[in-house]
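Following numbering that gives the first Met the number 0, the numbering of the sequence shown begins with 0 at its first residue and continues without gaps.
Glycine included, each C-beta is placed from N, C-alpha and C at the ideal position.
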Amino acid sequence: MSFSIDKQTLEELNLLGKFRQGSVYHLFNRVKTRGAEQLLDSMFGSPLTDVTAINNRSNIFRNFQQAGMSFPFDVQQVNLMREFLDVRGSGNAALVLAGTFIKKWLSSLTRDERFKKNVQGLQATIVTLNKCYGFVDSIRLPAGPYSDRIQSIKAILSDRKLEKFRNMDIYQSLSVRTIGYYNHLLKEQLAAQLEDVLQFIYEVDVYIAVSDVARSRAFNYAKALPAEANSFLVEDLRHPCIDKAVGNGLLLNGKRNVLFLTGANMAGKSTLMKSIGIGLYLAHMGFPVAASKMEFSVRDGLYSSINVADNIGLGYSHFYAEVVRVKQAADAAASGKRLLLMFDELFKGTNVKDAFDGTLAVTEGFADYRACLFIVSTHIIEVGEGLKKRNNIHSVFMPTIMEGSVPGYTYKLQEGVTEDRQGMMIIRNEGILEMLEK
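Spelled out as structure tokens, the structure:
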């Protein structure tokens with residue numbers, strides 16, 4: 000089963016975006032090869048939902064991090080090997096040899112570069128295969144999920160024909176017949192094995208790059224639990240893309256599946272919700288997370304409503320767009336899937352009375368879906384009083400600390416519902432009323 004997440008949630012959490020500064024993808028994209036970047040794309044696009052697969056990948060990243068190795072391959076040589084193998088010829092050895100003779104002949108008569116590139120590709124392949132053999136022979140990772148992978152690559156590189164090829168002198172002049180023979184051998188007979196070697200190099204690139212980010216930013220690895228555990232436990236959770244971010248801990252489970260979050264503007268509610276969503280998404284990828292500890296039951300998907308905008312094309316007002324979003328979430332929760340659903344400032348596009356009634360009713364309705372976990376934030380703190388009778392709703396708030404008439408924020412969760420009301424104070428501090436009186 001695939002992990003369910005929609006475009007709006009991906010954008011609200013700023014998860015993707017290769018060239019988007021501040022995106023989670025950009026944070027981890029420290030790979031050196033094109034193939035590794037494609038692999039990173041695939042990992043970000045397909046979070047895992049199998050407990051064993053998640054924990055295995057996390058362990059691989061952890062082992063690479065502990066090994067503290069650098070990427071050992073020459074990127075230019077890897078790219079040349081890739082280009083060499085991508086130029087496929089005939090499956091017939093005689094035709095391959097004839098084609099090689101023709102390229103050699105054309106190179107002497109014209110500026111045809113194909114024969115030269117052929118030789119460079121063979122040389123790059125020799126260099127890369129030797130580097131890979133030395134790497135797998137020297138790598139010392141703890142016994143674990145990647146041990147078999149390393150041994151399978153070592154077995155490929157130890158093949159008698161490949162071993163003879165690897166031991167060739169790249170500086171000696173090769174006969175056309177020898178070049179034709181290895182063109183056929185590498186691109187036809189051993190094509191699948193060499194493709195596997197390249198994929199291994201791309202994997203190593205990703206594992207080293209991501210584990211380096213984890214080491215430099217003091218990230219840790221989450222532990223995946225079976226879906227039936229229906230739990231999300233985190234300590235010192237931070238937003239991974241914010242330097243010196245303040246961490247928070249929380250626990251959600253089947254007995255306490257709704258987090259009711261209050262606090263003033265700028266107190267950190269939205270950032271906390273984004274941190275939770277990003278952390279859960281990365282955890283399902285098996286990636287390091289910005290937390291000192293995380294244990295989570297595998298979920299079927301993630302759904303957020305943080306920055307809902309109006310839709311002029313569909314004729315939706317801001318409020319109606321909010322209603323549509325909540326309806327979509329209700330459909331998802333009612334489908335029986337185990338989801339994490341987050342709502343920041345429900346119904347802020349309507350009047351206070353309707354927003355109060357709607358927030359109270361929707362939060363109580365969501366609370367009945369014990370297989371799902373919910374986070375609901377609001378400015379309307381009176382809603383908290385109406386939710387007290389529900390023992391599966393946990394109320395927390397982000398406090399405001401007043402320094403005279405200037406508000407300050409700790410960004411640390413506290414138990415209960417906030418009593419902060421600094422809106423008019425901020426308006427006065429900005430001198431708006433005085434400006435209007437003038």
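query	result
Limits of the alpha helix (DSSP H) - the one that Tyr170 falls within	Unbroken run through Tyr170: none, as it is neither H nor E.
CB of Gly300 within 8 Å of CB of Phe2, strictly	yes
Straight-line gap, Pro225 to Ser41 (C-alpha atoms, nearest Å)	24 Å
Proximity to Lys268 [Cα-Cα], best of Asn13, Glu82, Gly120 and Tyr408	Tyr408
Secondary structure of Ser303, DSSP reduced to three states	strand
Environment of Ile400 [buried if 16+ CB atoms lie within 10 Å]	exposed
Where the beta strand (DSSP E) through Thr358 begins and ends	First-last for Thr358: Val351 to Ala366, but that is the alpha helix (DSSP H), not the beta strand (DSSP E).
Pick from Val23, Leu197 and Asn28 that is closest to Val453, judged by C-alpha positions	Look at the range of the chain in this structure, 0 to 437, and you will see that residue 453 is not part of it.
Burial state of Asn440, where buried means 16 or more other Cβ atoms lie within 10 Å	Nothing can be reported for residue 440, as the shown portion of the chain is limited to 0 through 437.
Element boundaries [alpha helix (DSSP H), containing Val209]	Ala190 to Ser215
Residue interval of the beta strand (DSSP E) (run including Thr32)	Per DSSP, Thr32 belongs to no beta strand (DSSP E) and is neither H nor E.
Backbone CA spacing between Glu363 and Thr270 [nearest angstrom]	24 Å
Euclidean distance between Cα positions of Leu39 and Phe63	16 Å
C-alpha gap between Asp211 and Glu227, whole angstroms	33 Å
Alpha-carbon spacing of Leu359 relative to Ser304, whole angstroms	17 Å
Run of the alpha helix (DSSP H) containing Ile374, from where it starts to where it stops	From DSSP, Ile374 is part of no alpha helix (DSSP H) but of the beta strand (DSSP E) over Leu372 to Thr377.
Segment contact, 8 Å Cβ cut-off, at least three pairs: the stretch 366-375 with the stretch 333-340	yes
Length at least 3, wholly inside the stretch 134-168: the beta strand (DSSP E) runs in chain order	none
Three-way DSSP call (helix, strand, coil) for Lys273 in this model	helix
Other residues of its chain near Met68: CB distance less than 8 Å, five sequence neighbours each side excluded	Ile138 and Ile207
Own chain partners of Phe60 with C-beta closer than 8 Å, once the 5 adjacent residues on each side are dropped	Tyr206, Val209, Ser210, Ala213, Tyr220, Gly285, Phe286 and Pro287
For Gly262 and Gly246, the rounded distance between their alpha carbons	17 Å
Beta-carbon contacts of Glu82 that lie in its chain and below 8 Å, excluding the five residues immediately before and after	Lys116 and Gly120
Thr273, buried or exposed, once every other Cβ within 10 Å from all chains shown has been counted against 16	Looking at the sequence shown, residue 273 is not Thr but Lys. Its Cβ being crowded by 16 or more others within 10 Å, Lys273 is buried.
DSSP bridge partner residues for Thr261 (one or two, in chain order)	Thr377 and Phe396
Nearest-angstrom Cβ-Cβ length linking Leu84 and Leu128, presumed shorter than 8 Å	That belief does not hold up - the Cβ atoms of Leu84 and Leu128 are roughly 12 Å apart, past 8 Å.
Where Gln20 falls: helix, strand or coil (DSSP)	coil
Run of the beta strand (DSSP E) containing Ile233, from where it starts to where it stops	The amino acid at residue 233 is misidentified as Ile; the sequence shows Val. That run of the beta strand (DSSP E) goes Ser230 to Leu236.
Lys153 versus His378: straight-line alpha-carbon distance, rounded	60 Å
Arg298 in three-state terms, based on DSSP	coil
Min CB distance Gly335 to chain B below 8 Å	Annotation note: the requested chain B is absent from the structure, which comprises a single protein chain.
Beta strand (DSSP E) segment containing Asn439, residue limits	Look at the range of the chain in this structure, 0 to 437, and you will see that residue 439 is not part of it.
C-beta contact flag for Asn54 and Lys222 at 8 Å	yes
Own chain, CB closer than 7 Å to Val30, minus 5 neighbours either side, in chain order	Glu36, Leu39, Asp204, Val205 and Ala208
Local Cβ density within 10 Å of Gly276, reported as buried at 16 or more and exposed below that	buried
Identity of the residue in Leu281, Ala217, Thr32 and Ser394 nearest Asn13 by Cα	Leu281
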